[in-house]
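In terms of my numbering, the sequence shown opens at residue 45 and continues consecutively.
Where is the CB? At the ideal position from N, CA and C, for every residue including glycine.
Treat the numbers as computed from the prediction; the structure is a model and nothing was measured.
Have a look at the structure below, then the notes.
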Amino acid sequence: MTDAETVATRYIELWNETAAGRRRAILAANWTSDAKYVDPLMSGEGHSGIDALIAGVQQRFPEFRFALIGQPNGYGDHVRFSWGLGPQGADSPIKGTDFATVRDGKIRNVTGFLDQVPRGV
Numbered sequence: 045m046t047d048a049e050t051v052a053t054r055y056i057e058l059w060n061e062t063a064a065g066r067r068r069a070i071l072a073a074n075w076t077s078d079a080k081y082v083d084p085l086m087s088g089e090g091h092s093g094i095d096a097l098i099a100g101v102q103q104r105f106p107e108f109r110f111a112l113i114g115q116p117n118g119y120g121d122h123v124r125f126s127w128g129l130g131p132q133g134a135d136s137p138i139k140g141t142d143f144a145t146v147r148d149g150k151i152r153n154v155t156g157f158l159d160q161v162p163r164g165v
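Below is the structure:
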């Protein structure tokens with residue numbers, strides 16, 4: 045059984061890490077080497093592909109941070125959680141829900157859905 049809270053917390057930690065070396069270490073520790081990420085706007089495969097897309101989001105929104113919304117849940121090797129992206133301490137203008145599959149305690153696949161995106165973003 046996968047600990048949904050731990051998976052989601054580590055996921056958010058990764059997206060908020062701006063130091064490239066530290067981010068790659070978090071990826072290696074918490075994602076399988078063949079991991080895949082996909083959402084309606086972007087996709088990445090393997091540690092380098094996922095690292096590149098995270099760096100791109102950070103470059104586009106340098107003052108924004110990810111935060112969990114609500115309580116992560118799941119069953120077996122599947123985890124679902126919602127998140128917000130916005131200025132720290134303010135309501136997040138961008139919100140989404142991600143579904144992750146986990147293998148041997150590491151994230152293998154993430155499918156992301158964008159629940160709220162303002163025009164022009």
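- Scanning the region 60 to 118 from its first residue to its last, the whole alpha helix (DSSP H) runs of 4-plus residues come out as 64 to 74 and 90 to 104.
- Cα atoms of Gly90 and Tyr55: separation of roughly 15 Å, rounded to the nearest angstrom.
- Under the three-state reduction of DSSP, Thr53 is assigned to helix.
- Assigned with DSSP and collapsed to three states, Ala48 falls in helix.
- Between the region 112 to 124 and the region 95 to 104 there are fewer than three C-beta pairs closer than 8 Å, too few to call the two in contact.
- Cβ neighbours of Ala64 within its own chain (closer than 6 Å, five residues either side excluded): none.
- Nearest Cα to Phe110 within the set His122, Ser126 and Tyr81: Ser126.
- Taking C-alpha positions only, Ile138 is separated from Phe157 by approximately 11 Å.
- A straight line joining the alpha-carbon of Asp148 with that of Thr46 spans about 9 Å.
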